[in-house]
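Participant:
Protein chains in written order, with the working numbering: chain U, 1052 to 1341; chain S, 6 to 261.
1. Quick one: is residue 1309(U) buried, meaning 16 or more other Cβ sit within 10 Å of its Cβ, or exposed?
2. Between the C-alpha atoms of residue 1089(U) and residue 1305(U), what's the straight-line distance to the nearest angstrom?
3. Nearest-angstrom Cα distance between residue 1114(U) and residue 1146(U)?
4. Chain S partners of residue 1176(U), CB-CB under 7 Å?
5. Between the segment 1325-1335 of chain U and the segment 185-194 of chain S, do at least 3 Cβ pairs fall closer than 8 Å?
6. Decide if residue 1302(U) is buried, meaning its Cβ has at least 16 other Cβ atoms within 10 Å, or exposed.
7. Taking all protein chains shown into account, do 16 or more other C-beta atoms lie within 10 angstroms of the C-beta of residue 17(S), making it buried, or fewer, making it exposed?
8. State the DSSP-derived secondary structure class of residue 1114(U), mapped to helix, strand or coil.
9. Which of helix, strand or coil does DSSP assign to residue 1083(U)?
10. Please return the same chain residues whose Cβ sits closer than 8 Å to the Cβ of residue 1312(U), not counting the five positions on each side in sequence.
11. Applying a beta-carbon distance threshold of less than 8 Å, which residues of chain B neighbour residue 1194(U)?
12. Which residue marks the beginning of the alpha helix (DSSP H) containing residue 115(S), and which one marks its end?
13. Terminal residues of the continuous beta strand (DSSP E) containing residue 1195(U)?
14. What's the gap between the Cα of residue 181(S) and the Cα of residue 1200(U)?
15. How is residue 178(S) classed by DSSP in three states: helix, strand or coil?
16. Measure the C-alpha to C-alpha separation of residue 1207(U) and residue 52(S) and round it to an integer number of angstroms.
17. Please list the residues of the segment 103-126 of chain S that have a C-beta atom closer than 9 Å to any C-beta atom in chain U, keeping them in chain order.
18. From what residue to what residue does the beta strand (DSSP E) around residue 1108(U) run?
19. Does residue 1091(U) come out as helix, strand or coil in the three-state DSSP assignment?
20. So, are the CB atoms of residue 1139(U) and residue 1058(U) less than 8 Å apart?
21. Below 7 Å on C-beta distance, what does residue 130(S) contact in chain U?
22. Select from the segment 149-179 of chain S all residues with a C-beta closer than 7 Å to any C-beta belonging to chain U, and list them in chain order.
23. Going by alpha carbons, who is nearest to residue 230(S) out of 253(S), 201(S), 23(S), 156(S)?
24. May I ask you to report which of helix, strand or coil DSSP gives residue 1218(U)?
25. Does the Cβ-Cβ distance between residue 1081(U) and residue 1324(U) come in under 8 Å?
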């Protein structure tokens, strides 16, 4: 660890300020707590909110995992992981079950999380009503007075235009029967997983908002009685590990348009392949490495 | 019979400038009150104070609520007042852009108030929306079009449908026919008159157009410089104006 940095980059006062916002967020599930977001050594939109929340949560004995769209090996994930290796010298891992803090961009790991884990989301736009009502003064009032009719107008428009609720990510949820919350742009496939044992923290750096969903909190996806919420998902199985229950990425293989469906959660896929599951287009893990 | 709306001593100042002063009147169920006056006479200020868009400096606006009977809407809590303006009240803006969501389909615009009071069945919401669009003469095949694709008259009719869908008892109108050409005005007035009669609505119509109040209003209030200078039955005020300003106003109407 380079000694020029305070532990986990941020100074202690800033971490205290963020922790206070986190505590308030946990006390009022789904409520957007304003916080004094700091300038981070990465551009807005690259997870500055998530990084600040992670920095405020990390302890020297934590094991950190960072995923971007489910994968451990994408640019965003690798950069943030290296950032904390350098500034906090914490242990890092790609294994979901080994990690104590998991920072994620746009996915929830396939494996169930435990009470000992914290899931930190990177949030681009925390306000679910933003695109329906651009005035922040008005949306804050709508949250305060629980006026959420407008959220259903969006879903109504979906059905009127597409015949079904076409919102497939950042699908709005109601937390503990009170606040309507943007779950960050996770696929709606992940929405049902949000009622989990782990603590979920959300950080939006540019928008300067923090919010939280405590363990075992009720999280309901909004819908209509005659158009109930469906989590969706591909009918295919993972080409590498044959998983039927996982969220899949579609990958174009060549100019002829050959396609392959693979788990977006790379750790889950690896785990299944190690356990001997082989998909249609896969080979045993040992041969793949060679 | 209890008045639906009882207005007592409403005054509103903008700093040291007068918006409106000492306005008193009662509005009974099923009654349509017209407020006329020239630009700057305080009629829009008054309407905004009554509808809860602005807070008056003095006075009471007592509304006969369904649940608790007469209640002062100036001092009632904000959630309660906002609930009223979604259910028992309606507000038709002069410019439809102020009263509609231009990026949301006509059906969604009408359905919004239903969803705001808890409707969660898509089929029912849409059915009601189509029903109301038909009442204001907007064809069913325009349900999924956005108001930005509508003509001015259609936008205004859509705004009326959007407001009336929750069955309000009191409707505030601010120059509802302003900016429309005369033939479209005539049809809109016809429609409004029909709806008011059919649904037994009470209404407060602010306008500078005497022909509009002649057609719509039972009673008339004439304002000048923030004060009410003459009140009475519409025909009486228009045919036999007493105050000098009202006489000027009536004689200023162009004859065709």
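C-beta: ideal position from N, C-alpha, C; glycine also.
Facilitator: By the coordinates alone:
1. Around the Cβ of residue 1309(U), a 10 Å sphere holds fewer than 16 other Cβ atoms; the residue is exposed.
2. Each residue's alpha carbon lies about 43 Å from the other.
3. Linking residue 1114(U) to residue 1146(U) through their CA atoms gives a straight-line distance of about 10 Å.
4. Contacts between residue 1176(U) and chain S, judged by CB atoms closer than 7 Å, are missing: the closest CB pair is about 17 Å apart.
5. By the Cβ test, the segment 1325-1335 of chain U is not in contact with the segment 185-194 of chain S, since fewer than three Cβ pairs between them sit closer than 8 Å.
6. Exposed, since its Cβ has fewer than 16 Cβ neighbours within 10 Å.
7. Classified as buried, residue 17(S) has 16 or more neighbouring CB atoms from the shown chains inside 10 Å of its CB.
8. Three-state DSSP puts residue 1114(U) in a strand.
9. Residue 1083(U): coil per DSSP, three-state reduction.
10. By the criterion of a C-beta distance shorter than 8 Å, residue 1312(U) is surrounded in its chain by 1285, 1287, 1288, 1289, 1290, 1299, 1300, 1301, 1302, once the five residues flanking it on both sides are discounted.
11. No chain B is present in this structure, whose protein chains are U and S.
12. It spans 111-121 - the alpha helix (DSSP H) in which residue 115(S) sits, taken as one unbroken run.
13. No beta strand (DSSP E) holds residue 1195(U); the alpha helix (DSSP H) holding it covers 1187-1195.
14. Going from the Cα of residue 181(S) to the Cα of residue 1200(U) covers about 26 Å.
15. Strand at residue 178(S).
16. Whole-angstrom Cα-Cα distance: 32 Å.
17. Per Cβ criterion, the list reads 106, 108, 109, 110, 112, 113, 114, 116, 117, 118, 119, 120, 121, 122, 123, 124, 125, 126.
18. For residue 1108(U), there is no enclosing beta strand (DSSP E); the residue is part of the alpha helix (DSSP H) that begins and ends at 1099-1108.
19. Looking at residue 1091(U) - three-state DSSP - the assignment turns out to be coil, as it is neither helix nor strand.
20. Using a Cβ distance threshold of 8 Å, residue 1139(U) and residue 1058(U) count as a contacting pair.
21. When 7 Å is used as the limit between beta carbons, residue 130(S) is near these residues of chain U: 1207, in chain order.
22. Considering only beta carbons, the part of the segment 149-179 of chain S lying closer than 7 Å to chain U consists of 149, in chain order.
23. Closest option to residue 230(S), judged by alpha-carbon separation, among 253(S), 201(S), 23(S), 156(S): 23(S).
24. Residue state for residue 1218(U) is assigned as coil, using DSSP reduced to three classes.
25. Going by C-beta atoms, residue 1081(U) is not nearer than 8 Å to residue 1324(U).
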